[in-house]
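Novice: Residue numbers (UniProt numbering), protein chains in the order written: chain A, 1 to 170; chain B, 1 to 275. Right, I'll just put the structure down here and ask away after.
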């Protein structure tokens, strides 16, 4: 009796899994078939009309989305200041991200992790690259002694910042 | 920013080498030290160039010279390249071109040796820049650090960081000067994701090799560089993101940025770090 119950339960689970699997595949398969259909219509339109037809078809859907986005960005401009995000929990512990905004742009971002638990802190230190992100600056080289850069060849040197510095200070 | 001392540039090893000596020594003494320094670079070129048929490196590569018969310098270079291959997970590879070519290590190493020799000769304040890789000691004046700019990858007349130090090696590797010439040995394709990698340490040969390896690693190089012990890094990616380690020795650049600090002070916000 008990054995039969298990058998029924087993088949029920099996069936539900199969249905689930089928639902899963059908739901993921749908976009695929849709994509295929789109391609087919595009391909079938091409021979009848000019080669521009498929591109024109795409454009009618693309511009409204593209037109909506740009105005949204300036409207939601960033406030200056330092902002701390909520603490998020990951497998290796919690992470808290702080960003600094100046002149409407993110100038600095920093990730910290609570270190009450020394083991978790040491794992975190290894897990997060210990790098600070910042805005890329472009300043004059008038106050430096020399310049580091990707290897210069003798030919490239003539037009380089280093050459200008060498001439100015020789 | 006129600095006293001796300044000289020569083209050796296919690259411009600039030397600046600022110790308060007699002019003739400084000139003699500069002569010795450039003589050393010419000697390194003769012995380690892969373009000179009879160089020691080429004779070793062709098997005409066994490792036992090599000079102490070449043995040291061979061993250092093997160490660096291991330390960089194979991304620094002196055999990348199918033959033994230690040029990627020799330039930095020879500058390091030149700087060590200057120090031993009593010249405690100097810098040597070989095509963008620098070893600096002392400063322009007593108590002042050398100010070393890191070139902006897309604006060749601008810098993006100023680094300060009294005893450091600064090496930058990147994709912008000679095109995508750093090859990822695992994909046999040029590495493109990290446009500029600057590594700061104390040994220029090693520092230079780390910077080259970081570029070759691409995106995964970010974490590898961040975890380098005893070295500081500054990285610019191809999508213009800019990263640096906490100890990267940046000096404040333009005093004009003070205005934002004042405003932050007034609003009670912590000052943004704009180093």
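Quick reminder that beta carbons are idealized off the backbone N, C-alpha and C, glycines included. Predicted, not measured: the structure shown is a model, and the values here were computed from it.
1) Name, please, each residue of chain A whose Cβ falls closer than 7 Å to the Cβ of residue 147 (chain B).
2) For residue 156 (chain B), which of B:177, B:83, B:139 has the nearest alpha-carbon?
3) Please list the terminal residues of the continuous alpha helix (DSSP H) segment that includes residue 136 (chain A).
4) Any beta carbon of chain B sitting closer than 8 Å to that of residue 130 (chain A)?
5) Does any residue of chain B have a CB that is nearer than 8 Å to the CB of residue 78 (chain A)?
6) Beta carbons nearer than 8 Å to chain A: which residues of the region 26-45 of chain B have them?
7) Cβ atoms of residue 166 (chain B) and residue 139 (chain B): under 8 Å apart, would you say?
8) For a quick check, are the C-beta atoms of residue 88 (chain B) and residue 213 (chain B) less than 8 Å apart?
9) In the DSSP output, which residue or residues are listed as bridge partners for residue 67 (chain B)?
10) For residue 152 (chain B), go through chain A and note every residue whose CB falls closer than 7 Å to its CB, in chain order.
11) Taking just the CA atoms, how far does residue 128 (chain B) sit from residue 19 (chain B)?
12) In the region 161-178 of chain B, which residues sit with their C-beta less than 8 Å from some C-beta in chain A, listed in chain order?
13) Using Cβ-Cβ distances below 7 Å, what residues of the region 216-227 of chain B are close to chain A?
14) What residues from chain A crowd round residue 143 (chain B), counting only those whose CB sits closer than 9 Å?
15) Give the residues of chain B in contact with residue 85 (chain A), contact being defined as C-beta atoms less than 7 Å apart.
16) Is the beta carbon of residue 245 (chain B) closer than 8 Å to that of residue 216 (chain B)?
17) Select from B:151, B:187, B:188, B:185 the residue whose C-alpha is nearest the C-alpha of residue 171 (chain B).
18) Examine chain B for any beta-carbon lying closer than 8 Å to the beta-carbon of residue 104 (chain A), and answer yes or no.
19) Counting only Cβ pairs nearer than 7 Å, list the residues of chain A close to residue 241 (chain B).
20) Is the Cβ-Cβ distance between residue 6 (chain B) and residue 32 (chain B) less than 8 Å?
21) Closer than 8 Å is the cut-off here; do at least three beta carbon pairs connect the region 73-92 of chain B with the region 43-56 of chain B?
22) Per the contact definition of three or more C-beta pairs closer than 8 Å, is the region 229-239 of chain B in contact with the region 110-119 of chain B?
23) Cα separation between residue 36 (chain B) and residue 146 (chain B)?
24) Could you tell me which whole alpha helix (DSSP H) segments of length 4 or greater appear in the region 83-127 of chain B?
25) State yes or no: is the C-beta of residue 138 (chain A) within less than 8 Å of the C-beta of residue 147 (chain A)?
26) Which residues in the same chain have their Cβ closer than 7 Å to the Cβ of residue 60 (chain B), if we skip the five residues on either side of it in sequence?
27) Is residue 89 (chain B) near the ligand NAD, going by C-beta to nearest heavy atom under 7 Å?
28) Assuming residue 182 (chain B) contacts residue 191 (chain B) under a Cβ cut-off of 8 Å, what Cβ separation, rounded to an integer in Å, is found between them?
29) Please check if any C-beta of chain A sits within less than 8 Å of the C-beta of residue 158 (chain B).
30) Please determine, among B:57, B:11, B:12, B:243, the residue with the shortest C-alpha to C-alpha distance to residue 161 (chain B).
31) Quick check on residue 252 (chain B) - is its C-beta less than 8 Å from some C-beta in chain A?
32) Does residue 129 (chain B) come out as helix, strand or coil in the three-state DSSP assignment?
33) So is residue 155 (chain B) in contact with chain A if we call contact Cβ pairs under 8 Å?
34) Excluding five sequence neighbours on each side, which residues of the same chain lie with their C-beta closer than 6 Å to the C-beta of residue 83 (chain A)?
35) Closer than 8 Å between beta carbons: that is the criterion. Which residues of the region 124-135 of chain B meet it against chain A?
36) Quick check on the burial criterion: 16 or more other C-beta atoms within 10 angstroms. Buried or exposed for residue 79 (chain B)?
Specialist: So, from the listed chains and residues:
1) 143, 144, 145
2) B:177
3) Residue 136 (chain A) -> no alpha helix (DSSP H), and no H or E assigned at all.
4) yes
5) no
6) none
7) yes
8) yes
9) Answer by DSSP bridge pairing: none, since residue 67 (chain B) is not bridged.
10) 138
11) 5 Å
12) 161, 162, 163, 170, 171, 172, 173, 174, 175, 176, 177, 178
13) 222, 223, 226
14) The contacting residues do not exist; residue 143 (chain B) stays about 15 Å from chain A at best.
15) Ordered by position in chain B, no residue passes the 7 Å Cβ test against residue 85 (chain A), which lies about 16 Å from the chain.
16) no
17) B:151
18) no
19) 133
20) no
21) yes
22) no
23) 23 Å
24) 103-120
25) no
26) 70, 74, 100
27) The ligand NAD is not among the ligands present in this structure, which contains no ligands whatsoever.
28) 5 Å
29) yes
30) B:243
31) no
32) strand
33) yes
34) 99
35) 127, 129, 131, 132, 133, 134
36) exposed
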